[in-house]
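Enquirer: I have a structure here, written as structure tokens, and I will follow up with some questions on it.
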Amino acid sequence: MKTIVINLKKREDRLASFKTCHPDLNFEVFNAVDGGQIHYGGLLSQGFDVCHDWIDPLLHTRLTKGEVGCFLSHWSIWKKCIERNEKVLVLEDDARLTDRFDLQEIEEITDTYDFLYLGWKEMDKSIPIDDKLVRPVYPYWTLGYVITPSTAKILCSDAIKQNIIPVDEYLPTMMSKLNAVAYQENVVTPVSREILGSDVLSRSRYDLFVDGNIHLCTVATDEKKAHKLKQSAKKNGGHLINLGEGVVWEGGDMKGQGGGHKINLVKEYIKDKRDTDIFIFLDGYDTFLSDTITEIISRFLEIHTDILFSSERICWPDERIGTPLKELNINQSTPYQYLNSGCYIGRIGRLKELFAEPLENYDDDQLYVQKQYLKNPKGIDMDVEGYIWMTHDTSIIPKNGQLYNPITRCYGCAYHGNGGRKEKEFCELLYLDFYGVSSITYIPTKNYEVVSQDIILIDFMSKDMCEKMISLAEDKQFHIMEGDKVPSQDLRLRELGLWKSLEEHWMKTVYDIVYQYWYPCHMYGLRDAFIIKYEMDKQRSLRLHNDASLVTGSVKLNDDYEGGLLEFPRYNFTNADVPVGKCLLFPGQVTHGHTSTELQKGTKYSLTIWSSRYKNDRN
Numbered sequence: 002m003k004t005i006v007i008n009l010k011k012r013e014d015r016l017a018s019f020k021t022c023h024p025d026l027n028f029e030v031f032n033a034v035d036g037g038q039i040h041y042g043g044l045l046s047q048g049f050d051v052c053h054d055w056i057d058p059l060l061h062t063r064l065t066k067g068e069v070g071c072f073l074s075h076w077s078i079w080k081k082c083i084e085r086n087e088k089v090l091v092l093e094d095d096a097r098l099t100d101r102f103d104l105q106e107i108e109e110i111t112d113t114y115d116f117l118y119l120g121w122k123e124m125d126k127s128i129p130i131d132d133k134l135v136r137p138v139y140p141y142w143t144l145g146y147v148i149t150p151s152t153a154k155i156l157c158s159d160a161i162k163q164n165i166i167p168v169d170e171y172l173p174t175m176m177s178k179l180n181a182v183a184y185q186e187n188v189v190t191p192v193s194r195e196i197l198g199s200d201v202l203s204r205s206r207y208d209l210f211v212d213g214n215i216h217l218c219t220v221a222t223d224e225k226k227a228h229k230l231k232q233s234a235k236k237n238g239g240h241l242i243n244l245g246e247g248v249v250w251e252g253g254d255m256k257g258q259g260g261g262h263k264i265n266l267v268k269e270y271i272k273d274k275r276d277t278d279i280f281i282f283l284d285g286y287d288t289f290l291s292d293t294i295t296e297i298i299s300r301f302l303e304i305h306t307d308i309l310f311s312s313e314r315i316c317w318p319d320e321r322i323g324t325p326l327k328e329l330n331i332n333q334s335t336p337y338q339y340l341n342s343g344c345y346i347g348r349i350g351r352l353k354e355l356f357a358e359p360l361e362n363y364d365d366d367q368l369y370v371q372k373q374y375l376k377n378p379k380g381i382d383m384d385v386e387g388y389i390w391m392t393h394d395t396s397i398i399p400k401n402g403q404l405y406n407p408i409t410r411c412y413g414c415a416y417h418g419n420g421g422r423k424e425k426e427f428c429e430l431l432y433l434d435f436y437g438v439s440s441i442t443y444i445p446t447k448n449y450e451v452v453s454q455d456i457i458l459i460d461f462m463s464k465d466m467c468e469k470m471i472s473l474a475e476d477k478q479f480h481i482m483e484g485d486k487v488p489s490q491d492l493r494l495r496e497l498g499l500w501k502s503l504e505e506h507w508m509k510t511v512y513d514i515v516y517q518y519w520y521p522c523h524m525y526g527l528r529d530a531f532i533i534k535y536e537m538d539k540q541r542s543l544r545l546h547n548d549a550s551l552v553t554g555s556v557k558l559n560d561d562y563e564g565g566l567l568e569f570p571r572y573n574f575t576n577a578d579v580p581v582g583k584c585l586l587f588p589g590q591v592t593h594g595h596t597s598t599e600l601q602k603g604t605k606y607s608l609t610i611w612s613s614r615y616k617n618d619r620n
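Residue 620, in the numbering used here, is where the sequence shown stops; the numbers in between run on with no holes.
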């Protein structure tokens, strides 16, 4: 009979302790399966799966990583027992043999019985056999036992292979099928967990086994508008799948009801996915993640629900169903009582059921989901506290590196700026505030140089700051502004969170220079500012034009390119000799028409600043 001791390779301390206590014991070490290193996809590829319905009867939690690893370790030893066709004495590394441990006696007992518990915990009254042995009814622990090949074959069934539960929960369910006995008085006892600790019993939510593949999805037919979600997903360890990529949108203009196309794209995506997989959806244009995918999944597994929708203050688009929606909520203490379909997480099988009824692309997605929920709410909840999903509320603030809602006292994992233009603007500002986009510092100066007629040059940015601005811009999506009469591939500083610092510098420094040179010119502040990007395979030049600006600033952000000169034909002047970081100031509206000549090589970046022409002149 072989003796095998199960030990996690990273816990050499436990193995050393076992050897010290039993120097004369001849045993083989089995390197236990580390549950923390198991991913669901890898588990499936080996022909295993977990029981998705199992909940710990006492702690009401799902399987932990340690429990999955422990089961696989014992399973592997059972297979060894079958392959070797000999009995195996199995000990975990926190087991200690008592003075009553008698190897010869154990050999004799297991000649008669096929399974023997050496160290166990009685959870239900056992049946006495003699003065040493009992027949266990509900035994616990896998601290020490002997297994025979015949019993190993019974335990290694395909049924349990596809429905893994903790091994000391599995064995009791098999007692009626096994010729099993146990010592009345344990001959193997455990070392206190206070001494050695446990790598199996952690109930931290980060230790819960993620029992499904993760699908993080959105619908963004205009991908450039999804920059907040894309960037925040990347920052938080999520692979974002855009179901709207290359799709012509048929869900309406979203200024009112519509959006059914989103649901239909989701339905198409999930139709061939495993029912037990986890699907996460966020609207594309007005959402962002404020915490990791790991945290979102951990919180979802904690809640014990099939689907969790976000919730909001108002019942839209049909307030008549507000009362039945509200009545389904156990927690009536928050203002967020009505289902919002912009963010949700759930098991794909239940989502297939929820979305079973057809809808047209032009139908309203939120109304559809609300009605389906009311028909069959079982296993579906609304996140009325914002534990995962936060919807629009101006009370929400960044706090301690997280998004915090003082109304519910919850730190959420994602934000949805549901609503109209004002809500979307708040979402953008909250995103920039939360992620603390690095500011750019500018050079304070009172001096200027006249370089051509009504064109002056000032110190503005260091070369390092220019490089930093380019780097920040490259993390986002350049695009052509709607309705631009002189189309260019650009990115507004408002989108980068750099507007405020530029505005402050302009008013503190540049305003005085402009006023001094163009006296008695009256300045009304800044109108807009944007970075223009020129590339060989996209935009290479800019036609002759004037600006919607009283005074324009132009900053060369790099010079590692050829061509692409800022040119003023009327004054026979270009910025060829202007250093990186210097700012040209000129009247933009009428007199100083300008162009950007064709780029010949490389990539050009320039910063354009427009000042307001009159009061309340803003883009």
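Built from N, CA and C at the ideal position, the CB exists for glycine as well. Every value quoted in this text rests on a predicted model; they were computed, and no experiment measured them.
Would you give the residue range spanned by the beta strand (DSSP E) that Gln601 belongs to?
Expert: Run containing Gln601: Leu600 to Lys602, per the beta strand (DSSP E) assignment.
Enquirer: I want to know whether the segment 314-324 touches the segment 353-361 - three or more CB-CB distances under 8 Å.
Expert: At 8 Å Cβ cutoff, the stretches do not touch.
Enquirer: For Met508, is the classification buried or exposed, using 16 other Cβ atoms within 10 angstroms of its Cβ as the cut-off for buried?
Expert: With fewer than 16 other Cβ atoms within 10 Å, it is exposed.
Enquirer: Does the count of Cβ pairs from the segment 594-606 and the segment 556-576 closer than 8 Å reach three?
Expert: Touching, per the Cβ criterion.
Enquirer: What's the C-alpha gap between Phe102 and Leu26?
Expert: Near 12 Å, if we compare the C-alpha coordinates of Leu26 and Phe102.
Enquirer: Taking all protein chains shown into account, do 16 or more other C-beta atoms lie within 10 angstroms of the C-beta of Leu119, making it buried, or fewer, making it exposed?
Expert: The residue is buried, with at least 16 neighbouring Cβ atoms inside 10 Å.
Enquirer: Buried or exposed: where does Gln517 fall if 16 or more other Cβ atoms within 10 Å of its Cβ makes it buried?
Expert: By the neighbour-count rule (16 or more Cβ atoms within 10 Å), Gln517 is not buried but exposed.
Enquirer: Check the DSSP bridge columns for Ser453 and list the partner residues they point to.
Expert: In DSSP, Ser453 forms a bridge with Ile456.
Enquirer: So Leu355 is in the alpha helix (DSSP H); what residue range does that whole segment cover?
Expert: From DSSP, the alpha helix (DSSP H) with Leu355 extends over Ile349 to Leu355.
Enquirer: Can you tell me whether DSSP reads Gly120 as helix, strand or coil?
Expert: DSSP places Gly120 in strand when its eight states are reduced to three.
Enquirer: With H, G and I counted as helix, E and B as strand and the rest as coil, what does DSSP make of Glu328?
Expert: In the structure shown, Glu328 sits in a helix (DSSP, three-state: H, G or I).
Enquirer: At what residues does the beta strand (DSSP E) containing Lys400 begin and finish?
Expert: Taken as a continuous stretch (DSSP letters only), the beta strand (DSSP E) holding Lys400 covers Ile398 to Lys400.
Enquirer: On the CB-based measure, 16 or more other CB atoms within 10 Å of its CB, does Gly523 come out buried or exposed?
Expert: Here residue 523 turns out to be His, not Gly, going by the sequence shown. Answer is exposed; the Cβ neighbour count stays below 16.
Enquirer: Between Gln540 and the rest of its own chain, which residues show a CB-CB distance below 6 Å, the 5 nearest in sequence each way excluded?
Expert: The residues are Gln490.
Enquirer: In terms of DSSP beta bridges, what is Asp491 paired with?
Expert: DSSP lists His480 and Ile533 as partners of Asp491.
Enquirer: Mind reading off the beta-carbon distance from Thr335 to Glu386? Whole number of angstroms is fine, and I expect it under 8 Å.
Expert: Sure, about 6 Å apart at Cβ, within 8 Å.
Enquirer: If you count every other CB in all the chains shown that lies within 10 Å of the CB of Arg63, and 16 or more means buried, which is it?
Expert: Per the 10 Å Cβ criterion, buried.
Enquirer: Could you check where the beta strand (DSSP E) with Ala234 kicks off and where it finishes?
Expert: Unbroken run through Ala234 is the alpha helix (DSSP H), His228 to Lys236; no beta strand (DSSP E).
Enquirer: Below 8 Å, how does it come out for the segment 121-133 and the segment 150-159: are there three or more Cβ pairs, yes or no?
Expert: Touching, no, given that fewer than three Cβ pairs across the two stretches are closer than 8 Å.
Enquirer: Kindly indicate which residue of Asp548, Leu543, Tyr535 and Glu536 has the alpha-carbon position closest to the one of Tyr528.
Expert: The identity of residue 528 in the sequence shown is Arg, whereas the question assumes Tyr. Of the candidates Asp548, Leu543, Tyr535 and Glu536, the one whose C-alpha sits nearest the C-alpha of Arg528 is Asp548.
Enquirer: I need the straight-line Cα distance from Gly420 to Glu313, nearest angstrom please.
Expert: Those two C-alpha atoms are separated by around 10 Å.
Enquirer: Out of Asn187, Asp254 and Ser291, point me to the one whose CA is closest to Leu230's CA.
Expert: Cα-wise, what sits closest to Leu230 is Ser291.
Enquirer: Just to confirm the assignment, what range does the beta strand (DSSP E) spanning Asn406 have?
Expert: Its beta strand (DSSP E) spans residues Gln403 to Asn406.
Enquirer: Is the beta carbon of Thr510 sitting closer than 9 Å to the one on Asn559?
Expert: Contact: no.
Enquirer: How is Leu16 classed by DSSP in three states: helix, strand or coil?
Expert: Correct three-state label for Leu16: helix.
Enquirer: Helix, strand or coil for Val511 per DSSP?
Expert: In this structure, Val511 counts as helix in the three-state DSSP scheme.
Enquirer: For Phe28, does the three-state DSSP call read helix, strand or coil?
Expert: Note: Phe28 maps to coil in three-state DSSP.
Enquirer: Let me make sure I understand the geometry here. Which of Lys235, Asp618 and Glu123 has the alpha-carbon closest to that of Gly526?
Expert: Closest by alpha carbon: Asp618.
Enquirer: Using a Cβ-Cβ cutoff of less than 6 Å, which residues in the same chain neighbour Ser440 once the five nearest sequence positions on both sides are dropped?
Expert: Only Ser502 meet the Cβ criterion.
Enquirer: Suppose you measure from the CA of Gly252 to the CA of Leu430; what does that come to, to the nearest Å?
Expert: Rounded to whole angstroms, Gly252 to Leu430 spans 27 Å at the Cα level.
Enquirer: In this structure, does DSSP put Ser607 in helix, strand or coil?
Expert: Here Ser607 sits in strand by DSSP.
Enquirer: May I have the straight-line CA-CA distance separating Asp254 from Pro325, to the nearest angstrom?
Expert: The straight-line gap from Cα to Cα measures roughly 29 Å.
Enquirer: If contacts are defined as beta-carbon pairs under 8 Å, then Cys218 and Thr288 qualify, I think. What distance do you get, rounded to the angstrom?
Expert: With 8 Å as the limit, Cys218 and Thr288 do not qualify as a contact, their Cβ atoms being about 12 Å apart.
Enquirer: Mind checking Ala415: buried by the 16 CB within 10 Å criterion, or exposed?
Expert: Classification for Ala415: buried.
Enquirer: Beta carbon of Leu209, beta carbon of Ser299: below 9 Å?
Expert: Cβ distance < 9 Å, so Leu209 and Ser299 count as in contact.
Enquirer: Could I get the ranges of all uninterrupted beta strand (DSSP E) runs contained in the segment 273-305, with 3 residues as the minimum, in chain order?
Expert: Counting only runs of 3 or more, we get 279-283 and 288-290.
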